[in-house]
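Residue numbers for the sequence shown follow numbering that gives the first Met the number 0, so the first one is 0 and each next one is one higher.
Beta carbons are placed, not taken as given, at the ideal position from N, Cα and C, and that holds for glycine.
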Amino acid sequence: MNRKAVGQKGEQLACDFLKEKGYRILDRNHRSRLGEIDIVCNDSGAIVFVEVKTRTSNRFGLPAESVGPQKQKRLRRLAQEYLITHQLEQCDVRFDVLSIMLSSEPPAIEHIYGAF
């Protein structure tokens with residue numbers, strides 16, 4: 000499976016997981032000049048920006064380990080732009096990370112609530 004297919008499978012698993020938990024998906028793969036937000040959803044009135052990291056093995060570390068300070072900073076800027084564009088500045092905001100390992104069956108999903 001190539002990187003793009005791994006990412007797409009992970010994002011679909013993430014959306015299914017979040018929906019099962021009662022989240023409402025607002026947007027997927029939101030792109031702007033600043034980059035991309037994997038998933039934007041609503042959790043009981045809070046706007047949640049979700050970064051999905053999917054791996055087929057832990058050879059290069061755990062998926063969530065790749066969401067470092069620079070990535071977090073970029074996601075915050077993307078989120079700010081999204082909130083302004085969609086007139087959601089007054090909403091509570093949270094950043095979650097979904098770490099997905101495809102090497103197990105079923106895939107292992109770790110939800111890091113309020114990751115940063």
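Check, Outcome
"With a CB to CB cut of under 6 Å and the five nearest residues on each side skipped, what residues in its chain are close to Glu88?", "Leu82"
"Are there 16 or more other CB atoms within 10 angstroms of the CB of Thr53, so buried, or fewer, so exposed?", "buried"
"Between which two residues does the beta strand (DSSP E) harbouring Asp15 extend?", "Where Asp15 is concerned, there is no enclosing beta strand (DSSP E), although the alpha helix (DSSP H) it sits in stretches over Arg2 to Glu19."
"Label Glu50 either buried or exposed according to how many other C-beta atoms from any shown protein chain fall within 10 Å of its C-beta, with 16 as the threshold for buried.", "buried"
"Going by C-alpha to C-alpha distance, which of Gly9, Phe115 and Gln7 sits closest to Gln135?", "Lying before the first or after the last residue shown, residue 135 is absent from the chain, which here runs from 0 to 115."
"Would you kindly work out how many angstroms separate the C-alpha atoms of Leu77 and Gly34, rounded to a whole number?", "7 Å"
"What's the gap between the Cα of Gly67 and the Cα of Leu101?", "21 Å"
"For Gly113, which of Gln11, Lys3 and Asp91 has the nearest alpha-carbon?", "Asp91"
"For Asn1 and Pro105, what's the separation of their Cα atoms in angstroms?", "19 Å"
"Roughly how many whole angstroms lie between the Cα atoms of Ala4 and Gly44?", "32 Å"
"Express the C-alpha separation of Ile46 and Asp15 in angstroms, rounding to a whole number.", "17 Å"
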